[in-house]
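J.:
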Amino acid sequence: MPSLHRDDGADLTLLSAVDLVRRFFRRELSPVEVMRWTIERCERINPSLNALVDTLFEDALDQAVQAERRYLHGTARPLEGIPVALKAQQPMKGRPWADGSVALADRVADVDHPIVARIRAAGGIIHARTATPEFCCMPFTHSILWGTTRNPWNPDLSPGGSSGGSVAALASGMTVLATGSDSGGSLRSPASFTGTVGFKPAYGTVATISPANLDPFWQDGALARTVDDCALLHEIIAGQDRSDMSSLPRIGGRPAPTTPVRVAVLTNLGNWRVDHEIVADVTRVSVALAEAGTEVRPAELGWDRVSVNRLADAHFGDHSAADIARLATTSDDLTDYARSFAQRTTEAARHLTPQDRHRETGDMYRQVAELLERVDIIICPTVGITGLTAGEAYLSELPTVDGMRLESLSDINLTRPFNILNRLPAISVPSGRIASSGLPLGIQIVGRPYDEPTVLSFARSVERILRPSRRWPIVARSSPTVPKPRPR
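Start counting the sequence shown at 5; every next residue gets the next number (my numbering).
(1) For a quick check, are the C-beta atoms of THR230 and GLU456 less than 8 Å apart?
(2) What residue range is occupied by the uninterrupted beta strand (DSSP E) comprising HIS319?
(3) Touching or not, the stretch 419–430 and the stretch 295–315, by the rule of three or more beta carbon pairs under 8 Å?
(4) Along the beta strand (DSSP E) that carries GLN223, what are the first and last residues, could you check?
(5) Within this structure, are the beta carbons of LEU174 and ALA135 separated by less than 8 Å?
(6) Relative to the C-alpha of PRO429, which residue among ALA439, GLY446, ARG452 and ARG437 is closest?
(7) Are the C-beta of LEU252 and some C-beta of chain B separated by less than 8 Å?
(8) Helix, strand or coil: which one does DSSP assign to CYS234?
(9) Which same chain residues, not among the five before or five after PHE197, have their C-beta less than 6 Å away from its C-beta?
(10) What are the start and end residues of each continuous beta strand (DSSP E) run of 3 or more residues lying completely inside the stretch 37–96, in chain order?
(11) Would you kindly report the start and end of the unbroken beta strand (DSSP E) that includes HIS131?
(12) Might you give, ordered along the chain, the residues of its own chain that have their beta carbon closer than 6 Å to the beta carbon of ARG254, omitting 5 neighbours on each side?
(13) So what's PHE144 in DSSP terms, helix, strand or just coil?
(14) If you run the structure through DSSP and keep just helix, strand and coil, what is LEU18?
(15) Take ALA296 and list the residues in its own chain whose beta-carbon comes closer than 6 Å to its own, dropping the five residues that flank it on each side.
(16) Using DSSP's beta-bridge definition, name the partner residues of ASN158.
(17) Shortest alpha-carbon distance to ALA68 belongs to which of ALA172, ILE43 and ARG361?
(18) Expressed to the nearest angstrom, what Euclidean distance is found between the alpha-carbon atoms of SER170 and ARG45?
(19) Between which residues of its own chain and GLY127 is the CB-CB distance below 8 Å, once the five residues before and five after are set aside?
(20) How many Å lie between ALA205 and HIS238 at the Cα?
(21) Are the beta-carbon atoms of VAL286 and VAL269 separated by less than 8 Å?
(22) Out of LEU443, SER461, THR458 and VAL283, point me to the one whose CA is closest to PRO194's CA.
(23) I'd like the span of the alpha helix (DSSP H) that includes ILE282, first residue to last.
(24) Among ARG277, VAL265 and SER190, which residue has its Cα nearest to the Cα of PRO137?
(25) By the three-class DSSP mapping on this structure, what secondary structure does ILE1 have?
(26) Once DSSP output is grouped into helix, strand and coil, what is the label at ALA430?
(27) Take the Cβ of HIS146 as the centre, count every other Cβ of all protein chains shown within 10 Å, and call the residue buried at 16 or more, exposed below.
(28) By alpha-carbon positions, which one of ARG464, ARG409, ASN426 and SER440 ends up nearest to PRO434?
(29) Is it true that the CB of MET96 sits closer than 8 Å to the CB of ASP116?
(30) Can you tell me whether PHE320 is buried or exposed, with buried defined as 16 or more other CB within 10 angstroms of its CB?
(31) Between ALA394, PRO477 and ALA172, which lies nearest to LYS91 when the distance is taken from Cα to Cα?
(32) In chain order, which continuous runs of the beta strand (DSSP E) of length 3 or greater are located wholly inside the stretch 387–439?
(33) In three-state terms, what does DSSP make of GLU467?
(34) Give me the Cβ distance between ILE431 and PHE203, rounded to the nearest whole Å; I'm assuming they're in contact under 8 Å.
(35) Relative to the C-alpha of GLY446, which candidate in THR390, PRO403, PRO477 and ASN54 has its C-alpha closest?
(36) Assuming LEU24 and VAL38 are in contact, meaning their beta carbons sit under 8 Å apart, how far apart are those beta carbons, in whole angstroms?
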């Protein structure tokens, strides 16, 4: 039986999906061995991080046996035998579908999310489902139902949210690929906090379930440890689905650009508060790209964060807030942060008419469209803050950036504008480390409407130029179990 460790002691669980498939074809590793190792790692590490809330280990091992046979018989599919963690917000028929809420703890899904069928059809094996905040409404991951999810790089910190369980599982080697969703940054900001890759596709390119499919802010997407893996999973889950009338034909297979890419570099999108170490990181990335021959241009957009947050909140007030408010009248077990979210966004919706929202969105797009006439790609920070405390909802006191108190928790993300401008694909890729703590940082790469091939191609170039460390957090074999608090 081949060893699951390199000669240098590196853990093969942290190999990419692309590498694993190659090794499976060469018979250097088997899907059964990798799945057994992955499950052992989940059982050992998850008590410390609380990233996984539903496991399917027995079924996953059965599927790994079938995958091994396919490799032997020459019928292996693109993801054959690869462990995939599914965000628990995405339904899986016959499994719990609580959306992180005690109020929905007994709900069981009666349908598969479209991406579940696509992952299975490609040979991927869903071995676990991952934690979210209640109703996926916050940029951190903790709930009364599931407890607190922790960042593998520093368990005192949150991995971000709402796809925090997925990125924590990726960064700690409890999965090879993962899924997430994003209506305000929930793929990209957790990726930045954990040194992983999170891709928000353009609206409609990945099918989803009703009624989320009619919410243009909402995109389901891929998470991985490398851009190639993220692109591979995106290619699998993208494309039209008969169950989703808003889904579009596949565009991921278009050829990448062959001409040099022109890049606009922004250290801010307007008046967000961005930590000085993050500004320095974006500047360093800009220099590295220029030295590699990329045409780099400094630029500004000048968006007002208060207006952007008000616009996004008004949208949420017309969508998810109504369901949360309805549950709040019948359940005493909703988190305080979910109640606060519903109240704030409902109020925003009352004060901003649909026509006003369309007008403001149009103004934002005109500004970015003018910039994207001169360049092909925009890069900017993914987040403005270096970390959030695990289990903290920030209801009584907001975090600080460079000693200045934020005015809203929404201010931590520079991702929301590209959910408002939801036809623009955006990805967060690892860019460096915080000098003071060694924690990972990510930069956000944004492209023209529906131009996913250019965004993914450029993200690969950035990854190659920056050569981010493949050092992953060491979660000790003897890590103590972290008790599950009941955060509000």
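Ideal Cβ placement from N, Cα and C applies to all residues, glycine included. In this text, all values refer to a predicted model and were calculated from it rather than measured experimentally.
T.: Working from what's here:
(1) Their beta carbons are not under 8 Å apart, which means THR230 does not touch GLU456 by this criterion.
(2) Looking at the DSSP string, HIS319 is not in any beta strand (DSSP E); the run it does join, the alpha helix (DSSP H), is 309–321.
(3) Segments in contact, yes.
(4) That run of the beta strand (DSSP E) goes 223–228.
(5) For LEU174 and ALA135, no; Cβs fall outside 8 Å.
(6) Measuring from the Cα of PRO429, the nearest candidate turns out to be ARG452.
(7) As a matter of chain content, chain B is missing from the structure shown, which is built from one protein chain.
(8) In this structure, DSSP gives CYS234 a helical state, which the three-state scheme calls helix.
(9) Taken in chain order, the residues that qualify are PRO163 and GLY164.
(10) DSSP runs (the beta strand (DSSP E)) wholly in the stretch 37–96: 56–59 and 87–91.
(11) Note, HIS131: beta strand (DSSP E), 129–134.
(12) Excluding residues within five positions, the ones whose Cβ falls inside 6 Å are ALA242 and GLY243.
(13) In the structure shown, PHE144 sits in coil (DSSP, three-state: anything other than H, G, I, E or B).
(14) In this structure, LEU18 counts as helix in the three-state DSSP scheme.
(15) So the list reads ILE469, once near-sequence residues are dropped.
(16) Its beta-bridge partners are ASN155.
(17) The shortest C-alpha separation from ALA68 is found at ILE43.
(18) Here the alpha carbons of ARG45 and SER170 stand approximately 15 Å from one another.
(19) Excluding positions up to five away in sequence, the list reads ALA71, ARG74, ALA80, ARG81, PRO82, LEU83, GLU84, GLY85 and ILE86.
(20) The amino acid at residue 205 is misidentified as Ala; the sequence shows Pro. Computed Cα separation, rounded: 8 Å.
(21) Closer than 8 Å, so yes.
(22) The alpha carbon of PRO194 has as its nearest neighbour, out of LEU443, SER461, THR458 and VAL283, the alpha carbon of LEU443.
(23) Taken as a continuous stretch (DSSP letters only), the alpha helix (DSSP H) holding ILE282 covers 280–295.
(24) Looking at the Cα atoms, SER190 is the closest of the given residues.
(25) No information on residue 1 is available, as it lies outside the stretch 5 to 492 that the chain covers here.
(26) Here ALA430 sits in strand by DSSP.
(27) Burial call: buried.
(28) Nearest to PRO434 by alpha-carbon distance, out of ARG464, ARG409, ASN426 and SER440, is ARG464.
(29) Yes. Within cutoff.
(30) Buried, by the Cβ-count rule.
(31) Looking only at ALA394, PRO477 and ALA172, the smallest Cα-Cα distance to LYS91 is reached by ALA172.
(32) Along the stretch 387–439, the beta strand (DSSP E) occurs as fully enclosed runs of 3 or more residues at 430–437, listed in sequence order.
(33) In this structure, GLU467 counts as helix in the three-state DSSP scheme.
(34) Correct: roughly 4 Å between the Cβ atoms.
(35) Ranked by how close their Cα comes to the Cα of GLY446, the residues THR390, PRO403, PRO477 and ASN54 have THR390 in first place.
(36) 6 Å between Cβ atoms; contact.
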